[in-house]
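Note sheet for the following structure.
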Amino acid sequence: MKDEVRVTIKSDVDVVAARQEGRALAAHLGFSTGDLALIATAISEVARNIVNYAKQGEIILKVAEKDGRYGIVVVARDQGPGIADVARAMQDGHSTSGGLGLGLPGSKRVMDDFDIVSEVDKGTTVTMKKWAR
Amino acid sequence: MRVPILKQGPYLIASVQSALTDADLLQMRDDLARLVGQHRSHGVVVDVTALDVLDSFAARTLRTMAYAIRLRGAQMVIVGIQPEVAFAMVQLGLSLPGVDTALDLEEGLALLNRKTSEDHASEG
Ligand SMILES: Nc1ncnc2c1ncn2[C@@H]1O[C@H](COP(=O)(O)OP(=O)(O)OP(=O)(O)O)[C@@H](O)[C@H]1O
Ligand SMILES: [Mg+2]
């Protein structure tokens, strides 16, 4: 299996492809079925945000290794409109689209590391990591 | 892929596949709301046994769907949420307030039988 997988995100079909690729890579790394569901859900959330708010972008899936432990790195990147108030976007229930506003804060809760960098008119990059137990 | 919807007596059964896209989900929502009228169904079972992810969009759409079906005069029950999917939903903060759920198809149909006979009993 390759160490890095890239999925171009342009439509809802790509959201499904990204979470399937992520699940496959995570399964290969030995994650539990519970963790696989968490990882797939988080990928689904950030990939859908790309489709909804930026129209297009990509999901990059990578393997991390530290002290003999393996992890999965998920990068969601777009050159869309960016987020003016990132702190607000990270709050439960905040949505500019009538959504539940749980995608970003929920993903942060289920992953071990979560980082978001966004600049208005430049785009958004979310980087999340989870370690296999 | 369009979610197959089966008519079984007074009920409709929608069997969701694992690679469910947002468009498929919205299509199923519209199909069910329409078919409930066409077949004069009393209940709808949405079987998500095959689904490995139930994210915020799916949760919101299922909720909307359950409320719309109820407004159409029928009952909806979601069956087959897998244990790991259930835990993932809870950790994400997702819930389905006011939406009936049951373990599997059999339990879901039993629940519909109870609910629809109650409705009829209370009618008269
Ligand atoms: N990639 C992105 N580009 C631009 N804005 C974004 C992006 N991702 C998120 N946002 C902004 O952050 C807000 C919060 O995102 P979040 O995913 O938490 O909730 P949501 O998408 O509104 O609802 P849902 O619960 O269905 O995911 C969004 O409403 C949107 O305004
Ligand atoms: Mg979102």
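Chains as they are written, first to last, in the numbering used here: chain A, 7 to 139; chain B, -9 to 114. The beta carbon of each residue, even a glycine, is placed where N, CA and C say it ideally should be.
Legend entry - Neighbouring residues (CB closer than 7 Å to any heavy atom of ligand 2): A:E51, A:R54, A:N55, A:N58, A:G105, A:G109, A:L110, B:S46
Legend entry - Close Cβ partners of T14 (chain A) (< 7 Å) along its chain, the five nearest in sequence each way excluded: Counting from one through the first sequence, the residue named residue 14 (chain A) turns up at place 8. Correct list, in chain order: D20, E64.
Inset, instruction - Say whether chain B places a C-beta atom closer than 8 Å to the C-beta of T130 (chain A). - result: Sequence index remark: in the first sequence, residue 130 (chain A) carries index 124 (1-based). Chain B contact via Cβ: absent.
Legend entry - Nearest-angstrom Cα separation, counted from S31 (chain B) out to G114 (chain B): By one-based count along the second sequence, residue 114 (chain B) stands at place 124. By one-based count along the second sequence, residue 31 (chain B) stands at place 41. A caution first: G114 (chain B) carries a pLDDT of 49, below 50, which makes its placement in the model unreliable, though a value can still be read off. Their backbone Cα atoms lie some 20 Å apart in a straight line.
Legend entry - Short CB-CB distance (under 8 Å) between T11 (chain B) and chain A: Within the second sequence, numbered from 1, the residue matching residue 11 (chain B) stands at position 21. It does; some Cβ of chain A falls within 8 Å.
Inset, instruction - Entirely within the segment 30 to 90 of chain B and at least 4 residues each: give me those alpha helix (DSSP H) ranges in chain order. - result: 46 to 61, 73 to 82
Legend entry - Chain-order list of residues whose beta-carbon lies under 6 Å from that of A23 (chain A) (same chain, five-residue window excluded): Stepping through the first sequence from its first residue, residue 23 (chain A) is reached at position 17. These residues qualify, in order along the chain: V13.
Inset, instruction - Give a yes or no on contact between the segment 34 to 44 of chain B and the segment 5 to 16 of chain B, applying the rule of three or more CB pairs nearer than 8 Å. - result: yes
Inset, instruction - Under 8 Å Cβ to Cβ from E97 (chain B), same chain only, skipping five residues before and after it: list those, please. - result: Within the second sequence, residue 97 (chain B) is the residue found at index 107, counting from 1. For E97 (chain B), where only same-chain residues beyond five positions count, the Cβ hits under 8 Å are V69.
Inset, instruction - Could you check the C-alpha separation between R94 (chain A) and H100 (chain A) for me, to the nearest Å? - result: Taking the first sequence and counting its residues from 1, the one referred to as residue 94 (chain A) is at position 88. Taking the first sequence and counting its residues from 1, the one referred to as residue 100 (chain A) is at position 94. About 7 Å.
Legend entry - C-beta contact flag for L99 (chain B) and V35 (chain B) at 8 Å: Counted from its first residue, the second sequence places residue 99 (chain B) at position 109. Counted from its first residue, the second sequence places residue 35 (chain B) at position 45. Closer than 8 Å, so yes.
Inset, instruction - State the beta-bridge partners of S5 (chain B) as determined by DSSP. - result: Within the second sequence, the letter at position 15 stands for residue 5 (chain B). DSSP lists B:D37 as partners of S5 (chain B).
Inset, instruction - Reducing DSSP to helix, strand and coil, say where S113 (chain A) ends up. - result: The residue labelled residue 113 (chain A) in the question sits at position 107 within the first sequence. It is helical.
Inset, instruction - Pull up the CB-CB distance for S124 (chain A) and N58 (chain A), whole angstroms please, since I reckon it's below 8 Å. - result: As a position in the first sequence, residue 124 (chain A) is number 118, starting the count at 1. As a position in the first sequence, residue 58 (chain A) is number 52, starting the count at 1. 14 Å between Cβ atoms; not a contact.
Legend entry - Residues bridged to A70 (chain A) (per DSSP): Reading the first sequence from its first residue, position 64 is the one you call residue 70 (chain A). In the DSSP output, where bridge partners are listed per residue, A70 (chain A) has A:G77.
Legend entry - Segment limits, beta strand (DSSP E) that includes L44 (chain A): Within the first sequence, numbered from 1, the residue matching residue 44 (chain A) stands at position 38. Per DSSP, L44 (chain A) belongs to no beta strand (DSSP E); it is in the alpha helix (DSSP H), 39 to 55.
Legend entry - Segment contact, 8 Å Cβ cut-off, at least three pairs: the segment 122 to 136 of chain A with the segment -7 to 4 of chain B: no
Inset, instruction - Tell me whether K(-3) (chain B) sits in a helix, a strand or coil according to DSSP, three-state version. - result: Translated into the one-based positions of the second sequence, residue -3 (chain B) becomes position 7. In the structure shown, K(-3) (chain B) sits in a strand (DSSP, three-state: E or B).
Inset, instruction - Count the other C-beta atoms from every protein chain shown that fall within 10 angstroms of the C-beta of L93 (chain B), then say buried if there are 16 or more, exposed otherwise. - result: As a working mapping, residue 93 (chain B) is identified with position 103 in the second sequence. Here L93 (chain B) is exposed, its C-beta having fewer than 16 other C-beta atoms within 10 Å.
Legend entry - Option nearest V75 (chain B) by Cα separation, candidates A:L35, A:A48, A:G105, A:D9: Residue numbering aside, residue 75 (chain B) sits at position 85 when the second sequence is read from its first letter. Looking at A:L35, A:A48, A:G105, A:D9, the one whose alpha-carbon comes closest to that of V75 (chain B) is A:A48.
Inset, instruction - Give the interface partners of R50 (chain B) over in chain A, defined as CB-CB distance under 8 Å, in chain order. - result: Within the second sequence, numbered from 1, the residue matching residue 50 (chain B) stands at position 60. Within chain A, the residues placing a beta-carbon under 8 Å from that of R50 (chain B) are G105, L106, ordered along the chain.
Inset, instruction - Taking a Cβ distance cut-off of 7 Å, strictly less, list which residues of the segment 45 to 74 of chain A are near chain B, in chain order. - result: A46, T47, S50, E51, R54
Inset, instruction - Please check if any C-beta of chain A sits within less than 8 Å of the C-beta of V43 (chain B). - result: By 1-based counting over the second sequence, the position of residue 43 (chain B) is 53. True, the Cβ-Cβ gap to chain A drops below 8 Å.
Inset, instruction - Return no unless some Cβ of chain A is closer than 8 Å to the Cβ of G83 (chain B). - result: Within the second sequence, the letter at position 93 stands for residue 83 (chain B). For G83 (chain B), the answer is yes, since a Cβ of chain A falls inside 8 Å of its Cβ.
Inset, instruction - Using DSSP bridges, identify the partner residues of K61 (chain A). - result: The sequence position of residue 61 (chain A) within the first sequence is 55, counting from 1. The partner list for K61 (chain A) (beta bridge, DSSP) is empty, contrary to what the question assumes.
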